[in-house]
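Please read the structure below before turning to the comments.
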Amino acid sequence: MITAALLPLLDPQSTPFWEGCGLGELRVQSCGSCHARRMPPRPMCPICRSLDVEWRATSGRGRIWSYVVPHPPLLPAFNDIAPYNVIVVSLDEMPTIRFVGNLVSSADGPINEVDPAGIAINSPVRVVFSSPIADEVGEVAFPRWVRA
Amino acid sequence: MPTPLLQDATAIVGIGATTWSKSSTRSELELALDAISAALDDAGIDPSEVDGLSSYTLESTEEVEIARNLGLGDIGYFGKVHYGGGAGCGVVGQASMAVATGVCNVAVAWRSRKRGSAASRPWAGVGQRIGGPAQWSRPFGLLRPVDEIAMLTRRYCHEFGATRDDLCTVATSIRAHANLNPAAQMGAKPMTREDYFGARMISEPLCLFDNCLETDGAAAVVIVRADRAVAGPQPPAFIHSWAQSLPRQHQTMTNYFCDDPLLGPAWACGEQLWERSEVGPSDIDVCQLYDAFSPLVLLSLEGYGFCGRGEAAGFVAEQGIGPGGGLPVNTSGGGMSEAYIHGFNLIVEAVRQVRGTSTSQTPGATWSLVTSGEGVPTGAVLLRGANP
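Chains as they are written, first to last, in the numbering used here: chain H, 18 to 165; chain D, 2 to 389.
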């Protein structure tokens with residue numbers, strides 16, 4: 018078990034996503050009526066206004082849409098590991114579904130391990146999941162990305 | 002087509018601002034009172050005549066405090082606009098709408114900000130657990146507005162071939178305007194291209210000089226109906242048109258989830274603005290484009306139609322946006338080199354341009370555009386000088 022500075026506050030809309038990460042699934046919310054996928058999750062389908070929701074696993078494969086390399090001043094836990102990378106991944110089967118994440122060498126590898134000079138837009142990546150990260154509220158597994 | 006209802010119906014007749022500093026000893030309330038007093042004196046209007054108030058939801062000075070300190074009259078309209086740096090032009094536009102429709106007669110719009118204020122920096126107050134939309138980005142280390150805009154910037158450069166060299170041109174052009182403005186925080190500090198490329202990185206691809214300043218200060222404007230404006234002591238800056246935009250499927254700063262994240266709110270806002278205007282982008286004499294970060298200037302030039310999509314870097318290089326350029330942008334130094342108070346100093350400067358009193362004056366400026374933050378729900382105001 019490792020500790021991190023910032024964990025998500027799970028709410029009724031986001032809980033299935035984060036629970037999926039603990040089960041090794043990258044899930045996306047869909048409308049229970051018209052089945053349109055949407056990210057981030059929300060109560061109502063913007064296409065048909067249904068409040069019915071379902072969650073489906075994705076391929077977990079995508080391409081780097083963009084990336085940044087933050088430097089200090091940052092929150093203390095991130096200052097200590099900066100510079101690190103943050104990427105946005107576009108999902109292969111539906112490129113307008115995107116996720117913010119980090120490119121790592123292995124599921125529990127640090128987010129400052131990959132040389133930023135080697136990160137490129139459109140590079141293929143696949144999701145992996147960190148070991149559960151804990152705080153006083155509970156524990157959450159993070160989706161991370163490795164080169165595909 | 003009939004003339005839009007609100008076109009030229011109101012005018013900004015008073016402007017006021019405090020000095021800009023990094024650490025004022027005065028409170029945000031005192032700064033606001035100073036700026037509003039100056040704006041009312043500039044307009045030649047007694048505080049007792051003010052019956053409308055308009056500001057940002059992030060504003061910490063409350064209407065009741067503003068009113069009872071300044072001795073304002075009975076307030077009949079008060080409203081606030083959300084989304085930080087996206088709010089300013091909506092703050093002015095909504096006040097203008099209240100005046101034009103007779104809901105109030107004399108409206109004051111203002112913004113007062115101290116950089117240390119918790120309310121001014123929503124990202125700084127994050128706790129251990131991150132709820133709401135930020136849970137999809139901040140736990141991964143995408144913490145600050147600069148990180149969020151850097152993500153769009155990298156993609157923009159990838160799609161359209163812009164480079165840090167183009168961002169440098171934006172930053173140094175705006176600094177050159179500031180160097181003509183003794184009141185600007187960076188007024189006495191020139192910036193060379195070497196300075197820019199020597200600066201430390203904040204969130205690659207953005208460096209220190211792609212970021213706005215940190216400022217303590219306040220600015221205010223006074224708005225009345227056009228018939229009264231022409232009788233006042235100052236040349237009126239008519240509010241020719243204004244628009245706000247919260248485009249479909251938009252998600253503020255981390256707008257990575259819609260079909261095309263690089264088509265930000267400026268695009269839909271510009272479309273509405275020009276529909277309500279007698280003129281188009283090629284008629285505009287001078288611009289104040291919201292510049293919390295240098296790439297927002299490029300995105301705004303495209304969104305408001307000054308050039309085609311992906312062409313802003315070439316436009317800036319060929320036209321020039323600095324002093325004497327084909328389209329001067331942020332002529333007081335903007336948020337990057339004059340002061341950063343969520344874009345309200347840009348509104349004051351847009352008025353100075355049609356009065357002919359800017360320190361980097363565009364000769365004969367009649368059409369003066371000011372925009373609020375691209376990348377968040379936004380707004381724009383087009384001012385028309387009194388003698389087109």
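We treat Cβ as the ideally placed atom computed from N, Cα and C, and that holds for glycine.
Asked	Found
Taking the alpha carbon of residue 298(D) as the reference point, which residue from 277(D), 69(D), 373(D) has its own alpha carbon closest?	373(D)
With 9 Å as the threshold, decide whether the Cβ of residue 22(H) is near any Cβ in chain D.	yes
Take residue 315(D) and list the residues in its own chain whose beta-carbon comes closer than 8 Å to its own, dropping the five residues that flank it on each side.	308
Okay, do the stretch 359-377 of chain D and the stretch 177-192 of chain D touch, 3+ Cβ pairs below 8 Å being the bar?	yes
Between the stretch 133-147 of chain D and chain H, which residues of the former have CB atoms less than 7 Å from a CB of the latter, in chain order?	134, 136, 137, 138, 139, 140, 141, 142, 143, 144
Do residue 204(D) and residue 147(D) have their CB atoms nearer than 9 Å?	yes
Which residue from 99(H), 104(H), 141(H), 112(H) puts its Cα closest to that of residue 45(H)?	112(H)
So if I threshold CB-CB distances at 7 Å, which residues from the stretch 30-62 of chain H count as touching chain C?	This model lacks chain C altogether, as its protein chains are H and D.
Output yes or no for whether 9 Å exceeds the beta carbon distance between residue 140(D) and residue 150(D).	no
I want to see whether chain D comes within less than 9 Å of residue 19(H), judged by CB atoms only; does it?	Bear in mind that the predicted position of residue 19(H) carries a pLDDT of just 44, short of 50, making it unreliable; the figure below should be weighed with that in mind. Chain D, which has no Cβ nearer than 9 Å to the Cβ of residue 19(H), makes this no.
Over the uninterrupted alpha helix (DSSP H) stretch that includes residue 90(D), give me the two end residues.	89-101
Throw me the rounded Cβ distance for the residue 112(D) and residue 345(D) pair, which I believe falls under 8 Å.	4 Å
With a cut-off of 8 Å on the beta carbons, I'd call residue 53(D) and residue 100(D) a contact; round off their distance for me.	6 Å
When DSSP builds the beta bridges, which residues end up paired with residue 212(D)?	294(D)
In three-state terms, what does DSSP make of residue 165(H)?	coil
Please list, in chain order, all residues of the same chain as residue 227(D) whose beta carbon is under 8 Å from its beta carbon, the five residues on each side excluded.	9, 10, 11, 12, 237, 239
Exposed or buried, what is residue 96(H) when buried is set at 16 or more other beta-carbons lying within 10 Å of its beta-carbon?	exposed
Got a sec: is the Cβ-Cβ distance from residue 251(D) to anything in chain H below 9 Å?	no
Taking the CB atoms as reference points, tell me whether residue 244(D) and residue 94(D) lie closer together than 9 Å.	yes
Just to confirm my understanding: we take residue 82(D), look at its own chain, exclude 5 residues before and 5 after, and list those with CB closer than 7 Å. What are they?	57, 58, 88, 91, 92, 95
Confirm, please, whether the CB-CB distance from residue 313(D) to residue 221(D) is below 9 Å.	no
Can you look up residue 128(H) in the DSSP assignment and give me helix, strand or coil?	coil
Considering Cα atoms alone, identify which of 16(D), 5(D), 261(D), 251(D) is closest to residue 378(D).	251(D)
Taking only runs of the alpha helix (DSSP H) that begin and end inside the stretch 203-269 of chain D, which ones reach a length of at least 4 residues, in chain order?	227-230
Going by the CB atoms, is the gap between residue 35(H) and residue 158(H) shorter than 9 Å?	yes
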